[in-house]
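These notes are about the structure you will find just below.
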Amino acid sequence: MADVVNAVPAPAADAATGQHTYKFNVSMSCGGCSGAVDRVLKKLDGVKSYEVSLEHQTATVVAEDSLPYEKVLKTIAKTGKKVNTGEADGVAQSVEVKDE
């Protein structure tokens with residue numbers, strides 16, 4: 753069974769190109785779990801590319817400058833999967849989902 757649910761080529765993040773790279777460690781125990789994360793990222797406006805890895809328990813998202821880290825975090829959290837760690841452009845971020 754493949755451990756990468758979806759792999760869309762992800763160019764390196766570069767402030768000059770107006771994009772961000774967000775990385776999350778997500779608790780996923782099966783293909784259904786990683787599939788749920790894949791489905792929500794696929795529908796999220798502003799996502800240029802992403803990769804969800806069940807084996808490595810990660811979701812990496814390359815996003816347009818207009819898509820904030822917090823929105824991607826909330827979107828992944830809505831799947832019911834626990835987000836253990838997160839970073840934006842290589843800098844550790846909070847994984848606490850704030851109510852609006």
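For the sequence shown, the numbering used here begins at 753 and goes up steadily by one. Cβ atoms here follow ideal geometry from the backbone N, Cα and C, with glycine treated the same way.
- Query: Between the beta-carbon of K833 and the beta-carbon of S781, is there less than 7 Å?
  - Reply: no
- Item | Contact set for P763: own chain, Cβ-Cβ below 6 Å, skip 5 residues either direction | Confidence at P763 is low in this model, with a pLDDT of 43, below 50, so the placement of that residue is unreliable and no value is reported for it.
- Query: DSSP three-state call for V813: helix, strand or coil?
  - Reply: strand
- Taking V824 as part of the alpha helix (DSSP H), name the residues at either end of that continuous run. Annotation: the continuous alpha helix (DSSP H) that includes V824 extends over Y821 to A829.
- Do T831 and V799 have their C-beta atoms within less than 7 Å of each other? No.
- Item | Burial state of A844, where buried means 16 or more other Cβ atoms lie within 10 Å | exposed
- Item | Counted within 10 angstroms of its Cβ, other Cβ atoms place V849 as buried (16 or more) or exposed | exposed
- Span separating the alpha-carbon of D730 from that of E816: There is no way to answer for residue 730, as the model of the chain reaches only from 753 to 852.
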